Amino acid sequence: MSEFELKMSPRATFECGQCFRWNADESGVYIGIAYGKIARVRDVSDGDEPRAVLECPAEDYEAVWRDYFDVATDYGAITRHVSINPHMERAAQFGAGIRILRQERWEALCSFIISQCNNIPRIKKIIETMCTLFGEEISDGRFAFPSAERIAGLNEGDLAPLRSGYRARYILKAAIATAAGATFESKADLLRLEGVGEKVASCVALFGLHDLDAFPVDTWMKKAIANHFDKDFDASIFSPYAGLAQQYMFYFERSGKD
DNA sequence: GAACAGGCAACTC
DNA sequence: GAGTTGCCTGTT
Numbered sequence: 010m011s012e013f014e015l016k017m018s019p020r021a022t023f024e025c026g027q028c029f030r031w032n033a034d035e036s037g038v039y040i041g042i043a044y045g046k047i048a049r050v051r052d053v054s055d056g057d058e059p060r061a062v063l064e065c066p067a068e069d070y071e072a073v074w075r076d077y078f079d080v081a082t083d084y085g086a087i088t089r090h091v092s093i094n095p096h097m098e099r100a101a102q103f104g105a106g107i108r109i110l111r112q113e114r115w116e117a118l119c120s121f122i123i124s125q126c127n128n129i130p131r132i133k134k135i136i137e138t139m140c141t142l143f144g145e146e147i148s149d150g151r152f153a154f155p156s157a158e159r160i161a162g163l164n165e166g167d168l169a170p171l172r173s174g175y176r177a178r179y180i181l182k183a184a185i186a187t188a189a190g191a192t193f194e195s196k197a198d199l200l201r202l203e204g205v206g207e208k209v210a211s212c213v214a215l216f217g218l219h220d221l222d223a224f225p226v227d228t229w230m231k232k233a234i235a236n237h238f239d240k241d242f243d244a245s246i247f248s249p250y251a252g253l254a255q256q257y258m259f260y261f262e263r264s265g266k267d
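Counting in our numbering, the first sequence runs from 10 upward without gaps.
This is the structure:
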């Protein structure tokens, strides 16, 4: 096992609503699974700069985590770009150390289909059940996210234990399209899927395609916009990094620290 | 028991 | 094209 330092805040990154498979243990260390690999991340910040240590096999860092945690992007520069007014400066301060994870496309698509009209604990529960039932076991009791091919071979009855309700049909359709080799390169591509509307497509574009200009608007974002911007608000004021602005706004609004 | 929840699609005017 | 409603399920 090796250790790698990351300039990020685990809490801000994992609790800002972008991912569902990172959970803190009793000592506050986050354990997560992505791309079929498992890792631990702990906060080691001492002063202003958010810092974390990632524990994983060295080969996994090269193969998966370096890109996943987006270490090559200069977040200082793009944070300054979106800090266009005092409110955004405060939001960016509060969310300091947020990184937009480069998640797997299929996992992001499936996860955000499940997210519609659902709260985070329930979304996590459905996803974990799905992984346990259909994912590959990668270590004791820990499962990878199931492949689109595996899900595409199931039917609605197979998905019934997830209790995902009417979303089950959307999950299957997305899995079949993905397994059949459909390429989702943009939000417009995603919008053609049944059960994928503006909000879900924006989330998948931002978190699964790393389109940093995607700007998902849910009820929290509607509140944030209403509270802090004019009626003629347009996310393009943050372009081409509206997605990072969205994460800061969302995380800050939900914190109630405003 | 009814309303609601971090949405979508199909339908109405 | 703006507004309304049904949809599964779990929680309040």
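Yeah, the Cβ is synthetic: ideal placement off N, Cα and C, and Gly gets one too.
These numbers were taken from a predicted model, which means no experiment stands behind them.
What runs of the beta strand (DSSP E), each 3 residues or longer, lie entirely inside the segment 34-80? Within the segment 34-80, the runs of beta strand (DSSP E) at least 3 residues long that lie entirely inside it are, in chain order, 39-43, 46-52 and 61-65.
Beta-carbon spacing of Ala-184, Ala-157 below 8 Å: It is a contact, given that the beta carbons lie within the stated cut-off.
Using DSSP with H/G/I as helix, E/B as strand and the rest coil, what is Ser-124? Shown here, Ser-124 sits in a helix according to DSSP, grouped into three states.
Helix, strand or coil: which one does DSSP assign to Ser-211? Helix.
Which residues in the same chain as Ala-281 place their Cβ atom closer than 6 Å to its Cβ, once the five residues preceding and following it in sequence are excluded? Examination of residue 281 is not possible in this model, given that the chain is present from 10 through 267 alone.
Separation of Glu-58 from Ser-11, as counted between CA atoms: Approximately 22 Å between the Cα atoms of the pair.
Between the alpha carbons of Val-50 and Glu-68, how many angstroms are there, rounded? C-alpha separation (whole angstroms): 16 Å.
Apart from the five residues just before and just after Ile-129, which ones in its own chain have a Cβ nearer than 8 Å to its Cβ? Gly-26 and Phe-29, listed in sequence order.
Once you ignore the five residues that flank Ser-211 on each side, which residues in its own chain have a CB closer than 7 Å to its CB? By the criterion of a C-beta distance shorter than 7 Å, Ser-211 is surrounded in its chain by Lys-196, Ala-223, Phe-224 and Pro-225, once the five residues flanking it on both sides are discounted.
Taking three-plus beta-carbon pairs below 8 Å as touching, is the segment 161-171 in contact with the segment 37-52? The segment 161-171 vs the segment 37-52: no contact.
Between Asn-236, Ile-42, Tyr-179 and Ser-54, which has its C-alpha nearest Leu-15's C-alpha? Comparing alpha-carbon positions, the option among Asn-236, Ile-42, Tyr-179 and Ser-54 lying closest to Leu-15 turns out to be Ser-54.
Is DSSP giving Asn-236 helix, strand or coil here? Asn-236 falls in the helix class under three-state DSSP.
Between Glu-113 and Phe-154, is the Cβ-Cβ spacing less than 8 Å? For Glu-113 and Phe-154, yes; Cβs fall inside 8 Å.
Length of the line joining the Cα atoms of Ile-136 and Tyr-44: Taking the straight line from one Cα to the other gives about 15 Å.
Contact between the segment 96-115 and the segment 168-181 (3+ Cβ pairs under 8 Å): The way I'd put it, the segment 96-115 doesn't touch the segment 168-181; fewer than three beta-carbon pairs between them come closer than 8 Å.
Would you decide whether Thr-228 is buried or exposed? Buried here means 16 or more other CB atoms lie within 10 Å of its CB. By the 16-neighbour rule on beta-carbons within 10 angstroms, Thr-228 is exposed.
For Trp-31, write down the residues that DSSP places opposite it in a beta bridge. DSSP lists Gly-41 as partners of Trp-31.
Inside the segment 146-206 only - alpha helix (DSSP H) runs reaching at least 4 residues: The segment 146-206 contains these whole alpha helix (DSSP H) runs: 157-161, 165-168, 176-188 and 196-200.
Are the beta-carbon atoms of Gly-106 and Ala-21 separated by less than 8 Å? With contacts defined as CB atoms closer than 8 Å, Gly-106 and Ala-21 qualify as a contacting pair.
Residue closest to Leu-221, alpha-carbon to alpha-carbon, out of Gln-256, Ser-148 and Val-209: Looking at the Cα atoms, Gln-256 is the closest of the given residues.
Do the CB positions of Tyr-250 and Val-91 come within less than 8 Å of each other? Val-91 sits close to Tyr-250, with the two beta carbons spaced by under 8 Å.
Identify whether Asp-224 lies in helix, strand or coil by the three-state DSSP scheme. A small correction: the amino acid at residue 224 is Phe; Asp does not occupy that position in the sequence shown. Phe-224: coil per DSSP, three-state reduction.
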